[in-house]
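Accompanying notes for the structure given below.
Number of protein chains: 2
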Amino acid sequence: MQEAVKRARGRPVGSSDQEGKRQEFVVAVMRAIAEHGYKDVTVATICKAAGFSRGLIGHYFPGKDALLLHAVREVAKDFERATRTAAGEAGQDPLDRLHAVVGATFRKPVFTPERVLVWVALASTSHWSPELAEIYRKLYRPYRRGLSHLIKRAADARGVNVNPERLAITLTQLVEGLWSGWAADPKTVSAREAEAACHDLLDAFFPSR
Amino acid sequence: MQEAVKRARGRPVGSSDQEGKRQEFVVAVMRAIAEHGYKDVTVATICKAAGFSRGLIGHYFPGKDALLLHAVREVAKDFERATRTAAGEAGQDPLDRLHAVVGATFRKPVFTPERVLVWVALASTSHWSPELAEIYRKLYRPYRRGLSHLIKRAADARGVNVNPERLAITLTQLVEGLWSGWAADPKTVSAREAEAACHDLLDAFFPSR
DNA sequence: CAGCAAATTAAATGGACATTCAAAAAAATT
DNA sequence: AATTTTTTTGAATGTCCATTTAATTTGCTG
Chain D
18 MQEAVKRARG RPVGSSDQEG KRQEFVVAVM RAIAEHGYKD VTVATICKAA
68 GFSRGLIGHY FPGKDALLLH AVREVAKDFE RATRTAAGEA GQDPLDRLHA
118 VVGATFRKPV FTPERVLVWV ALASTSHWSP ELAEIYRKLY RPYRRGLSHL
168 IKRAADARGV NVNPERLAIT LTQLVEGLWS GWAADPKTVS AREAEAACHD
218 LLDAFFPSR
Chain R
18 MQEAVKRARG RPVGSSDQEG KRQEFVVAVM RAIAEHGYKD VTVATICKAA
68 GFSRGLIGHY FPGKDALLLH AVREVAKDFE RATRTAAGEA GQDPLDRLHA
118 VVGATFRKPV FTPERVLVWV ALASTSHWSP ELAEIYRKLY RPYRRGLSHL
168 IKRAADARGV NVNPERLAIT LTQLVEGLWS GWAADPKTVS AREAEAACHD
218 LLDAFFPSR
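Going down the list, the sequences are from chains D and R. Taking this note's numbering, the leading residue of the first sequence gets 18, the next gets one more, and so forth. Taking this note's numbering, the leading residue of the second sequence gets 18, the next gets one more, and so forth.
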C-alpha cells in the first residue's frame with residue numbers, strides 16, 4: 018500500500034529566498050541609518066531604501082526592533098570575520114598580525130561608511146539596551162582576548178614590558194574613538210590618518226631598534 | 018509740564034532668575050539622557066526630572082531641540098573649563114600637563130555618568146546634525162591644538178620623534194573611545210583602567226629613561 | 001488553465017509625542 | 001487690598017510612526 022505522503026500544495030515553502038530577503042532588509046537598514054541616523058530611522062525609510070512597501074517588514078521580522086538588532090548582529094559578524102581573515106593573512110609574527118588587524122579596521126570591507134555609522138550607533142546606545150550591550154560584549158570579549166594574546170607574544174619575543182589586557186583595551190577603544198571621530202568630522206579624522214595613528218601606537222609600544 | 022514717564026507696573030521684568038531656571042532644565046536634560054538615552058529622551062521625561070510640568074519648556078526654550086543643543090553646549094563648556102584648569106594646576110612641564118589633562122577626563126568634575134553619556138551621545142550623533150557637529154568641532158579644534166602644542170614641546174625637550182597633530186588626535190579619540198567603552202561596559206572599561214591606559218600611552222611615546 | 005498559497009501592497013488603527021493654549025496661581029507694584 | 005504681570009499648569013491639538021489588516025498580485029501545482 019502506498020504511503021500517504023503529505024505533499025505540500027500551493028507554493029512550496031522554502032522555494033523563495035527568505036534568507037535573501039532578510040539580507041536585503043539588513044542592507045536597507047544600514048543604508049537608512051547611514052542616511053538618517055540611528056535616532057531617525059523609521060520603518061518607512063528602511064522600506065524605502067529596500068524598495069519594499071512599509072508593511073512587508075512584518076512578514077520577515079517580528080518588528081522594527083528585531084530587524085535593527087538583526088542588522089547590528091550581522092555587522093558584528095562581518096567585523097569578526099574580516100579581522101580574523103586579516104590576521105590569518107598576515108603570517109606568523111604577532112606584531113605583524115596586530116598591525117594587520119588594526120589596519121583592516123580602516124579598510125574595506127570593514128571600513129565602509131554604513132558599517133562604521135551603524136557601529137558608532139551601537140556602541141553609543143548599548144548603555145540603554147541590554148540586547149545591544151550583549152552584542153557589543155560578545156564581539157569585544159574574544160576580540161580583546163585575541164589581541165592581548167598577540168600582544169603578550171609580541172612583548173615576550175622583544176623583551177618589552179606591557180600590560181597586554183590594558184593595551185588590548187587601548188587598541189579597541191582607540192579604533193572605536195577614531196571611528197567616532199571620523200563619523201563626526203571625517204576631514205580632521207580621515208581613515209588614512211586614523212590608521213596611521215594606530216600603527217604609530219604599536220610602534221611606540223613595540224619600538225623597532 | 019510733567020513728562021509722562023511710562024512707569025512699569027506689576028512685576029518688573031528681569032527680576033526673576035530666568036538663567037537659573039534654564040540651568041535647572043540643563044541639569045534635568047543630563048539626568049534624563051543618563052536615565053533613558055538620547056534616543057528616548059522626551060519633553061515629558063525632562064520635565065519630570067526637573068519637577069516641572071510639560072508645558073513649561075516653551076517659556077524658557079524655543080523647543081526641545083533648542084534645549085538639547087543648549088545642554089550639550091554647557092557640557093562642552095564645562096569640559097573645556099575643567100581641562101584648562103587641570104593643565105594650569107599641573108605646573109610647567111609639558112608632559113606633566115598632558116598627563117594632568119588626560120587624567121582629568123577620568124575624574125570629577127569632567128567624568129560623571131551624566132556628562133560622559135551626554136558626550137557619547139553628542140559624538141555619535143554629530144554626523145547627522147550640523148549643529149552638534151559644530152559644537153563638536155568648536156570644542157575639539159582648539160583642544161587638539163593645545164595638546165599638539167604640549168606634545169611638540171615635550172618631544173623637543175626629550176629629543177623624541179612624534180607627529181604632534183596625529184598624537185593629539187590619538188589622545189582625544191582614545192579618551193572618546195574609552196568613554197564610549199565605559200558607557201557600554203563599565204565593568205571591563207573602568208575609569209581607573211581607562212586613565213591608566215592613557216598614562217601608559219604617554220609613557221610609550223615619551224619613555225622615561 | 002484552474003485553484004490555491006505565499007508574497008506584497010496600501011490603507012486603517014491606535015499610541016506616543018512636541019507643541020500650543022486657555023486658565024489658574026504666584027508675585028510684585030500701587 | 002486691588003491690580004497687573006509673570007509664571008506655571010494640564011489638557012487639547014495635530015503630527016508622526018509602528019503595527020495590523022484586508023485586499024491584491026504573483027507564482028506554483030495539479
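Yeah, the Cβ is synthetic: ideal placement off N, Cα and C, and Gly gets one too. Just so we're clear, the structure is a prediction, and the values are computed from it rather than from any experiment.
- Within the same chain, Cβ atoms closer than 8 Å to the Cβ of Val127 (chain D) are found at Asp95, Phe96, Ala99, Thr100, Ala121, the five residues on either side in sequence being excluded.
- Residue burial annotation: Glu193 (chain D) is buried, with at least 16 other C-beta atoms found within 10 angstroms of its C-beta.
- Listed along the chain, the chain R residues whose CB falls inside 9 Å of the CB of His53 (chain D) are Trp145.
- Shown here, Pro181 (chain R) sits in a helix according to DSSP, grouped into three states.
- Going by DSSP, Tyr160 (chain D) is part of the alpha helix (DSSP H) stretching over 147-175.
- Ala200 (chain D) is not a Cβ neighbour of Ser197 (chain R), given a cutoff of 9 Å.
- Looking from the CA of Pro181 (chain R), the closest CA among R:Ala67, R:Ala61, R:Phe222, R:Arg90 belongs to R:Phe222.
- In this structure, Leu167 (chain D) lies away from Ala214 (chain R), with their beta-carbon atoms at least 9 Å apart.
- Apart from sequence neighbours up to five positions away, the residues of its chain that approach Glu148 (chain D) with a beta-carbon distance below 6 Å are Leu86, ordered along the chain.
- When DSSP assignments are scanned along the segment 109-133 of chain R, the uninterrupted stretches of alpha helix (DSSP H) that are 4 or more residues long and fall wholly within it turn out to be 111-121.
- With a 10 Å radius around the Cβ and a threshold of 16 neighbouring Cβ atoms, Ser146 (chain R) comes out buried.
- With three or more CB-CB distances shorter than 8 Å, the segment 66-75 of chain R counts as touching the segment 30-49 of chain R.
- Taking C-beta separations shorter than 6 Å and ignoring five residues to either side along the sequence, the partners of Val135 (chain R) in its chain run Met47, Ile50, Val92, following chain order.
- Ala67 (chain D) and Gly54 (chain R) have their C-alpha atoms spaced approximately 28 Å apart.
- A Cβ-Cβ contact shorter than 9 Å links Phe69 (chain R) with Ala45 (chain R).
- Counting along the chain, no alpha helix (DSSP H) covers Thr205 (chain R), and no H or E run does either.
- In this structure Thr189 (chain D) does not touch Tyr153 (chain D) by the C-beta definition: roughly 11 Å separates them, more than the 8 Å allowed.
- Remark: C-beta atoms of Ala140 (chain D) and Val118 (chain D) do not approach each other more closely than 9 Å.
- Here the alpha carbons of Glu106 (chain D) and Asp113 (chain R) stand approximately 41 Å from one another.
- Taking the Cα positions, Leu164 (chain D) is about 7 Å away from Leu115 (chain D).
- The DSSP-derived three-state label of Val58 (chain D) is coil.
- The DSSP-derived three-state label of Ala107 (chain D) is coil.
- Among the residues facing chain D, Ala93 (chain R) is not included, as its CB has no counterpart in that chain under 9 Å away.
- Phe42 (chain D): member of the alpha helix (DSSP H) spanning 35-53, first to last residue.
- Annotated three-state conformation of Phe223 (chain D) is coil, per DSSP.
- The C-alpha of Gly80 (chain D) lies about 19 Å from the C-alpha of Ala138 (chain D).
- Residues of the segment 146-158 of chain R with a Cβ closer than 9 Å to any Cβ of chain D, in chain order: Ser146, Leu149, Ala150, Tyr153, Arg154, Tyr157, Arg158.
- In the same chain as Ala211 (chain D), and ignoring 5 residues on each side of it, the C-beta atoms closer than 7 Å to its own belong to Phe123, Leu195, Trp199, in chain order.
- In its chain, beyond the 5 residues on either side, Arg161 have a beta carbon closer than 7 Å to the beta carbon of Ile186 (chain R).
- Under the Cβ distance rule, Gly194 (chain R) counts among the residues neighbouring chain D, one pair being separated by less than 9 Å.
- Straight through space, the alpha carbons of Pro130 (chain R) and Arg209 (chain R) are spaced by roughly 14 Å.
- For Lys56 (chain R), at least one C-beta of chain D is nearer than 9 Å to its own C-beta.
- Contact annotation: in the segment 75-106 of chain D, no residue has its CB less than 8 Å from a CB in chain R.
- A residue is called buried once 16 or more other Cβ atoms fall within 10 Å of its Cβ, and Arg132 (chain R) is buried on that count.
- For the pair Gly108 (chain D) and Asp34 (chain D), the Cα-to-Cα distance works out to about 38 Å.
- Ser197 (chain D) reaches chain R at Ala140, Ser141, Gln190, Glu193, Gly194, Ser197, counting residues in chain order whose Cβ is nearer than 8 Å.
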